[in-house]
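Here full-length UniProt numbering runs 2 ahead of the position in the sequence shown, where the first position is 1.
Note that beta-carbon positions come from the ideal geometry of N, C-alpha and C, so glycine has one too.
Some notes on the structure that comes next.
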Amino acid sequence: LFQAVEMAPRDPILGLNEQFAADTNPNKVNLGVGVYYDDNGKLPLLECVQKAEKLMMEAPKARGYLPIDGIAAYDSAVKSLVFGADSEPVKSGRVATVQALGGTGGLKIGADFLRKVRPDAKVLISDPSWENHRALFSQAGFTVEAYPYYVAARRGIDFDGMLTALNMAPQGTVVVLHACCHNPTGYDLTPAQWDQVIAATKARQLVPFLDMAYQGFGQGIQEDGAVIGKFVASGQDFFVSTSFSKSFSLYGERVGGLSVLCGTKDEAARVLSQLKIVIRTNYSNPPIHGGTVVATVLNTPELRTLWEKELAGMRVRIKQMRTALVEKLKTAGVQQDMSFITQQVGMFSYSGLAKEQMVRLREEFGVYGTDTGRMCVAALNSKNIDYVCQSIAKVL
Ligand code: PLP
Ligand code: TYF
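Below, the structure written as structure tokens:
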């Protein structure tokens, strides 16, 4: 039965973790996978999460099946976070939201549902993008192509190229957009550029699919979410996947969601019924723990305030690491202007280093980033940054 089964390639990012674990270099630093570590190099367990878990333990509950679409209080909290509690779409009931297994789960539910309503549509992702976007939409049965996004030569967004691609896309094309903190480049559109993108998706009748995996890591929770309000104002139907992996440091709990903005409340009810079929036939219903933690935090004012403070702490520390990286690279003798690192936002920096340099960093210095030159700035800290800068200076 399995004689002809081929060995699949490793995930380019998660595969680095295995290589890192096997590395015996005592100075090794993992800047490969997108995970936030604190200044002691530890994966944080947020205080708001611990407090929510304490509340949950004080009133233990039996573990029956959840509804197919998840915990009601969770779904409504996600909806309010994404669209605003007092926003027209939430008040009028035209958003269908489901709990999902991380942001990946939200994307996959959306992809499977889209395949039913738009079986012949093409999917456009950014060039470059999070590698799993291509894999996930391809697996769902779509032809995936890319729109220009990043130009290495001038370290920035090829906005004209992007807009041209959108303006040439056939009606009904699904366009995957990073809502904030673009992975892997760290370059986000300006509000004015978003306006033009939104005008294009509307004029061409494209289907926007916003991937929101880093809300709160860019400028702030509200600021990063503002793009959703712009799409709402344009009067288009669209998809938003949400991930709490990073913003709650709950990677392994698989907490995320999918929200679909529909034209009417009745449409939303029908869409929700279809999303539930997708979920039902994949994993039946989501798990309880992570969703309860996030719902408790988002729906309890003191814990919500604490979460916002802790998330701001992560955001500020990443920004400090960006500034320190630019300064320390200079101190380490790097001649070229590296100030672009502070213009990028979110967890990642596209360093501009070539594959050979990234391989040398890994093999000679134990400093792990992706072959594309992406480094996770959120894994730098006051103890490892000098070593990282000296290592980069040596390969540059
Ligand atoms: N989308 C982007 C752009 C990401 O970087 C990630 C990272 O993991 C995800 C989605 C998936 O999130 P999750 O780990 O919650 O599935
Ligand atoms: O881009 C990253 O590093 C994160 C984590 O298949 C990740 O988004 C990477 C690869 C993957 C799943 C998550």
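Proximity winner among the options, relative to residue i (alpha-carbon distances)
i	options	result
R120	G174, A74 and P69	G174
G108	S131, F241 and V361	F241
M214	H184, A235, Q238 and D239	H184
M58	Y389, D122, I290 and S351	I290
K267	S249, D239, W132 and Q221	D239
S94	K81, Q101 and S131	K81
G218	A113, G315 and L191	G315
P11	V37, N134 and I159	N134
G292	E55, F4, I15 and G43	E55
L71	V92, T99 and L45	Sequence check: residue 71 is Asp here, not Leu. Considering only alpha carbons, the answer is T99.
M360	T325, L168, L398 and R272	L398
Q276	F115, S89, G34 and P193	F115
Y189	V347, L355, L274 and D373	V347
D129	A123, Q101, I111 and I159	I159
E304	Y38, V209, F161 and K53	K53
A102	R256, T298 and F211	R256
F350	A137, V51 and G220	G220
P172	K204, L191, A181 and P193	K204
C182	L168, Q224 and M170	Q224
G222	P14, V318 and E269	V318
K44	A123, K385 and R206	K385
Sequence-distant residues of its chain with Cβ nearer than 6 Å to residue i (five each side left out)
i	result
V125	F139, F144, V146 and V176
F367	S393
G105	A215, S243, S245 and G258
I320	V379 and A380
D373	K357 and M360
N169	A202
8 Å CB neighbourhood of residue i in its chain, flanking five on each side removed
i	result
M323	V379, A380, L382, N383 and I387
A395	L331, A334, G335 and V336
L165	Q198, V199 and A202
residue 428	As displayed, the chain neither begins before 3 nor continues past 398, which places residue 428 out of reach and without an answer.
R117	A142, G143 and F144
S353	I343, G371, G375, R376, M377 and I394
A23	none
Y39	L45, P46, A380, A381 and N383
Reduced DSSP category for residue i - H, G, I as helix; E, B as strand; rest coil
i	result
Y370	strand
P62	coil
V19	For clarity, residue 19 is Asn in the given sequence; the question names Val instead. Three-state result, N19: helix.
N386	coil
H180	strand
D114	helix
A6	coil
T99	strand
Y253	helix
R157	coil
I281	helix
A148	strand
K44	coil
L355	coil
V233	One detail in the question is off: residue 233 reads as Phe in this sequence, not Val. Note: F233 maps to helix in three-state DSSP.
residue 413	What the structure shows of the chain is the stretch from 3 to 398, and residue 413 is not part of that stretch, so it cannot be assessed.
M316	helix
T175	coil
R376	strand
Neighbourhood of residue i by C-beta, 7 Å cutoff - its chain only, sequence neighbours within 5 removed
i	result
N301	A75 and A79
P69	N287
I73	Q101, G293, T294 and A297
G163	P150
A87	none
Residue i: CB within 7 Å of a non-hydrogen atom of ligand 4
i	result
D114	Among the ligands present in this structure, namely ligand 1 and ligand 2, ligand 4 is not found.
CB contact below 8 Å: residue i versus chain C
i	result
A79	Going by chain labels, chain C is absent from the structure shown, which holds only one protein chain.
Checklist entry - Does the stretch 148–166 touch the stretch 307–322, meaning 3 or more C-beta pairs lie closer than 8 Å? => result no
Checklist entry - On the three-pair Cβ rule with 8 Å, is the stretch 339–358 touching the stretch 281–296? => result no
Checklist entry - Taking contact to mean at least 3 C-beta pairs separated by less than 8 Å, is the stretch 20–30 in contact with the stretch 356–374? => result yes
Next on the checklist: Check whether the stretch 223–239 and the stretch 260–271 are in contact - that is, three or more C-beta pairs closer than 8 Å.
Outcome noted: yes
Checklist entry - Under a criterion of Cβ closer than 6 Å to any non-hydrogen atom of ligand 2, which residues qualify, in chain order? => result D13, I15, L16, V35, G36, W132, N134 and N185
Checklist entry - Would you say the stretch 270–284 touches the stretch 52–68, given that touching needs at least three Cβ pairs under 8 Å? => result no
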